[in-house]
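**Student:** Dropping a structure here in structure tokens format, bear with me for questions.
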Amino acid sequence: AHTQAPTQGSVILAAILLKLGTYGFVRIAIPILPLAAKAWAPYIGGLAVVGIIYGSLGCLAQTDMKRLIAFSSVAHMGFVMLGISTLTSFGMTAAMFGMVAHGLITGMLFFIAGSIKERYHTLEIKRLGGVLKQLPHLGWILGLCSMASLGLPGLAGFWGEFPAILSAYSPAAGLNETLFRVYMVIAAIGTVFAAAYLLWLFQRVAFGEPKPEFAGAAHDAHGHGDHGDNHGFEDVNKFEWISWTPLLIAIIVFGLMPNLLFKIIDPAVQGVLTGFKG
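Quick note on my numbering: the sequence shown kicks off at 50 and runs consecutively.
Pasting the structure below:
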């Protein structure tokens with residue numbers, strides 16, 4: 050769906066629609082059916098780590114930037130489901146934070162992919178390169194969002210992934226601790242794969258020299274030709290800055306001050322988990 054969808058559609062799918070399922074688990078399924086949630090939690094956790102590894106391996110096999118980002122969504126939502134499956138306050142709070150972080154980061158990555166497609170008319174990774182040289186602002190924004198997506202400390206993605214993994218060490222009472230610790234190890238391996246495919250993407254797209262087909266004959270959005278070091282491509286324009294700046298600020302602020310979000314999420318999670326008390 051992401052590959053065929055326009056940029057706006059991909060952003061809405063990643064930032065909002067993809068969260069409807071996990072939101073349904075947290076706000077509807079678990080409070081209404083707490084015993085069933087506990088019975089099915091090991092299976093949900095297993096599917097979560099399968100999604101993490103499958104999504105990561107799918108990313109490593111992609112040749113299209115947008116498809117890679119789409120597969121990364123599968124992997125990142127696996128961390129969300131792993132946190133939910135622990136049925137603990139710590140895990141579900143991490144999952145909720147991860148939902149917000151994923152919406153911000155993956156939405157930004159789809160925005161960037163759309164901007165690259167608009168300028169280069171392709172998203173084939175092998176045809177891209179030298180974005181930092183041609184479009185330095187777009188290049189460093191791609192780098193920032195790639196680092197956030199792989200879970201770099203200090204950015205929002207870290208607080209969605211690391212606590213979700215850590216929560217599997219001590220799942221809710223009655224769940225198999227050994228099984229969930231195996232899930233924790235598998236999920237941690239998934240973060241290594243995430244670093245591999247995101248750093249590979251950033252290296253291929255942003256570094257090096259522009260490919261010959263884009264090196265000198267490109268035109269910017271106003272139809273002008275080569276104008277210096279950017280070889281005629283227009284860097285991030287004012288409309289993109291207006292759209293992206295709030296998302297970039299949120300990614301950084303929530304990464305540096307996660308308690309701004311945790312203090313809002315935690316009371317709601319405590320209310321959801323009242324069915325498991327006693």
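For each residue, glycine too, the CB sits at the ideal point set by N, CA and C.
When burial is assigned at 16 or more other CB atoms within 10 Å of the CB, is residue 214 buried or exposed?
**Tutor:** With 16 or more Cβ atoms within 10 Å of its Cβ, residue 214 is classed as buried.
**Student:** For residue 327 and residue 221, I'd like the C-alpha separation in whole angstroms.
**Tutor:** Residue confidence for residue 327 is low, a pLDDT of 48 falling below 50, so the modelled location carries little weight; the figure read from the coordinates is stated next. Each residue's alpha carbon lies about 12 Å from the other.
**Student:** Comparing alpha-carbon positions, which option in 52, 155, 101 and 81 lies nearest residue 297?
**Tutor:** The shortest C-alpha separation from residue 297 is found at 155.
**Student:** State the CB to CB distance for the pair residue 157 and residue 254, rounded to an integer number of angstroms; the pair is presumed to be in contact (CB under 8 Å).
**Tutor:** Between residue 254 and residue 157 the Cβ distance is about 15 Å, and since that is not below 8 Å, they are no contact.
**Student:** Less than 8 Å between the beta carbons of residue 147 and residue 123, yes or no?
**Tutor:** Going by C-beta atoms, residue 147 is not nearer than 8 Å to residue 123.
**Student:** Over the uninterrupted alpha helix (DSSP H) stretch that includes residue 295, give me the two end residues.
**Tutor:** First-last of the alpha helix (DSSP H) with residue 295: 287-305.
**Student:** Please list, in chain order, all residues of the same chain as residue 163 whose beta carbon is under 7 Å from its beta carbon, the five residues on each side excluded.
**Tutor:** Within the same chain, residue 163 has close Cβ partners 56.
**Student:** Assign residue 232 to buried or exposed, taking buried as 16 or more other Cβ atoms, counted over all protein chains shown, within 10 Å of its Cβ.
**Tutor:** That one is buried.
**Student:** Confirm, please, whether the CB-CB distance from residue 194 to residue 165 is below 8 Å.
**Tutor:** The answer is no: Cβ separation not under 8 Å.
**Student:** How big is the Cα-Cα spacing for residue 111 and residue 323?
**Tutor:** Answer to the nearest angstrom: the Cα atoms are 43 Å apart.
**Student:** Under three-state DSSP, which class holds residue 173?
**Tutor:** The answer is strand: DSSP assigns residue 173 an E or B state.
**Student:** Under the three-state reduction of DSSP, which class applies to residue 315: helix, strand or coil?
**Tutor:** Three-state DSSP puts residue 315 in a helix.
**Student:** The alpha helix (DSSP H) spanning residue 183 covers which residue range?
**Tutor:** Where residue 183 is concerned, the enclosing alpha helix (DSSP H) stretches over 180-183.
**Student:** Would you mind giving the Cβ-Cβ distance between residue 186 and residue 285, rounded to the nearest angstrom? I have them listed as a contact below 8 Å.
**Tutor:** The pair is a contact, with the Cβ atoms about 4 Å apart (cut-off 8 Å).
**Student:** Is the segment 67-78 touching the segment 123-132 in the sense that three or more CB pairs, one from each, lie closer than 8 Å?
**Tutor:** The answer is yes - the segment 67-78 touches the segment 123-132, with three or more Cβ pairs under 8 Å.
**Student:** So the candidates are 301, 126 and 283; which of them puts its Cα closest to the Cα of residue 167?
**Tutor:** Looking at the Cα atoms, 283 is the closest of the given residues.
**Student:** Whole angstroms are fine: how far does the CA of residue 262 sit from the CA of residue 252?
**Tutor:** If I take the Cα positions, the gap works out to 19 Å.
**Student:** With distance defined between alpha-carbon atoms, name the residue in 209, 250 and 109 nearest to residue 178.
**Tutor:** Nearest C-alpha to residue 178: 250.
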